[in-house]
Structure formats: structure tokens, C-alpha cells
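Novice: Got a structure for you, written out below as C-alpha cells; questions coming shortly.
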Amino acid sequence: MNSIKLAMQIFYFLLFALSVTASYAEQLPIFKDGKDYFSYKQPIQEEPAADNKIKIKFFFSYECRICLMAADNLSLYKRMNPDKVDIEWIPAATPGGYFSAAVYYSLESMGHPDLADLFIFDTAEQKFNRNNRHRGKFLQEWLTRKQINFETFLEVFNSELVATKVNQSINSTSKYGVFTLPFVSVNGRYVLTGSTLYNDDYTMAVLDSLTAKIVQEQRGKK
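When the letters of the sequence shown are read in order and numbered with mature numbering (1 follows the signal peptide of the UniProt record, and there is no 0), they come out as residues -24 to -1, 1 to 198.
Here it is in C-alpha cells:
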């Protein structure tokens, strides 16, 4: 009789545990490949980070309002997960379009990475044609307001150092298959675009889901 009673207790305990697990699973957000994020058909081979952090590459451009939103959301995610992720900012570039990369790396090379980032904010609502002279005028006036000598900036802008970095951006943009901006690659496995990156809560939740998946896969390989 006692054995039957014990068996029934175990049965009800297992039934309760299954119901709790199912209820918890229902509460977890379910993100779909092709909707909330995309997967590379062939993962991009990357050198593993020495500190085991998950690598996030953020491709952006100036004159891009949603890139500003993505930049803010990714910066927040980095602050919330300093030991889990490493975020690299890469100004997207092609052989025929590298203005953002050239400006970004010029300011960075001059010791003003803060201004390189700030220019994302200050150009978010601007839209210039690639060959529009108003773009150059806007840049010159902006640099003057920031007390940056324009002639010195142009020397750096046209330097071999910046040209090398621009070429690296061109290669990275091609390698990671950047087809829209903003564009985020997570560990060379997954991609987020503006349809996710526009919203902070959405961005955080999807990144949490993908990073958890990557960590779980890495543990399974050990």
C-alpha cells in the first residue's frame, strides 16, 4: 500500500514539474530565423576571442537615423553585458562609397573617437547625395564648431593610414555580406537588421536569446 502511495506521489510531482516547465517555456520569447534575425548559410570564420566574449560587429553609416537608434541600443547592451560581449563598430564601405569610413577613421586617427561617434547623432537627420557639395560644407562647418582644423583633417582624410583602414572596412563589408544598414553580425553566425535594431527592448531580447544559444553550443563542444 505504501509503495502504491509513494508511486502516486512521484507521479503527481512529475506532473507538477512538467506543468511548471511548460508554463515557464510559454513565457519565454520565441524568436524566428528569417523574421527576428537571420542565420548565415555558411558561418563566417572568426578568430575566437581570448576572453571568450561573443563578438558583435556593428556596421553603420552616417546620415542614417536608424543607425543612431541601433548605436544607442548596442551601447546600452554592452554596458549591461560588459563581460559577455565585445562590440566592434565598423563604418560600412564599398569601393564606390566610403565617405562614412573615411570620416570615421580620420577622426579616430586624430584622437577624437568620441567625435567619430557623435557624428552619427549629428547627421542622423541629414540626407546628402554622395557627390553633393553640401555634404562637404556641412562637414567643414561641423568640424569648425568642434574646434578641429579643417586643413589638418583633410591631410589625415587623404593619408595612407586612413586609406588602409577604409580598405579594411570595404573588405569587412563584403566578407560579412552587408546588404542593408544598420547591420549586426553576432559571432559570424547570426544577423540583425533595422527591423530589429530600431527598438531597445526588442534588440536586447533577441541578442539575449542568440548569445544564450551561442554559449550553450560552445559548452556542448567542450
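We put the CB at the ideal spot given by N, CA and C, even for glycine.
The structure displayed is predicted, hence computed values, not measured ones.
Go ahead and pull the three-state DSSP assignment for S37.
Specialist: S37 falls in the coil class under three-state DSSP.
Novice: Since V167 is in the beta strand (DSSP E), which residue starts that stretch and which ends it?
Specialist: Element bounds for V167: Y166 to T169.
Novice: Drop a sphere of 10 angstroms on the beta-carbon of S148, count the other beta-carbons inside from all chains shown, and report buried for 16 or more, exposed for fewer.
Specialist: S148 comes out buried.
Novice: Who does F159 pair with in a DSSP beta bridge?
Specialist: Paired residues: F35 and T169.
Novice: Exposed or buried, which one is L130 when buried takes at least 16 other CB atoms within 10 Å?
Specialist: Exposed.
Novice: In this structure, what does DSSP give as the bridge partners for I30?
Specialist: Beta-bridge pairing links I30 to V61.
Novice: To the nearest angstrom, how far is it from the Cα of A68 to the Cα of P58?
Specialist: So the two alpha carbons sit approximately 24 Å from each other.
Novice: Excluding the 5 residues preceding and the 5 following K122 in the sequence, name in chain order all residues of the same chain whose CB lies nearer than 7 Å to its CB.
Specialist: If we look at K122 and ignore the five residues flanking it on each side, its Cβ neighbours are L91.
Novice: Do the stretch 150 to 160 and the stretch 29 to 38 touch if we need at least three Cβ pairs shorter than 8 Å?
Specialist: Result yes; three or more Cβ-Cβ pairs closer than 8 Å.
Novice: Which word fits S150, buried or exposed, when buried means at least 16 other C-beta atoms lie within 10 angstroms of its C-beta?
Specialist: It is exposed - the Cβ of S150 has fewer than 16 other Cβ atoms within 10 Å.
Novice: Can you tell which of D62, A77, V154 and E127 has its C-alpha closest to the C-alpha of A26?
Specialist: Answer by Cα proximity: D62.
Novice: Specify, as a first and last residue, the run of the alpha helix (DSSP H) that K141 falls within.
Specialist: Counting along the chain, the alpha helix (DSSP H) containing K141 begins and ends at E136 to K151.
Novice: Let's test the definition: count the other Cβ atoms within 10 Å of the Cβ of K141 and tell me whether it reaches 16, buried, or not, exposed.
Specialist: K141 comes out buried.
Novice: Going by beta carbon distance, what residues of the same chain come within less than 7 Å of Q3, once the five residues before and after it are set aside?
Specialist: Any reading at Q3 needs caution, since the residue's pLDDT is 46, under 50, leaving its predicted position unreliable; the model's value is listed next. Here the set comprises nothing.
Novice: Tell me whether A(-3) sits in a helix, a strand or coil according to DSSP, three-state version.
Specialist: Note on A(-3): pLDDT 39, under 50, position unreliable in the model; the coordinate value appears next. It is helical.
Novice: Taking just the CA atoms, how far does I124 sit from W65?
Specialist: Answer to the nearest angstrom: the Cα atoms are 22 Å apart.
Novice: With a CB to CB cut of under 7 Å and the five nearest residues on each side skipped, what residues in its chain are close to E39?
Specialist: Closer than 7 Å at the Cβ level, and outside the excluded window around E39, lie T99, Q102, K103 and F104.
Novice: If the criterion is Cβ atoms closer than 9 Å, does the pair V79 and F133 meet it?
Specialist: For V79 and F133, yes; Cβs fall inside 9 Å.
Novice: Going by Cα to Cα distance, which pick from Q144, L173 and K60 is closest to P71?
Specialist: That would be Q144, whose Cα lies nearest to the Cα of P71.
Novice: I'd like the span of the alpha helix (DSSP H) that includes T128, first residue to last.
Specialist: Where T128 is concerned, the enclosing alpha helix (DSSP H) stretches over F126 to F133.
Novice: For S67, list the residues DSSP reports as bridge partners.
Specialist: The sequence given here has Pro at residue 67, not Ser. DSSP lists F36 as partners of P67.
Novice: Based on the DSSP output, what are the partners of Y13 in its beta bridges?
Specialist: Answer is D9, bridged to Y13.
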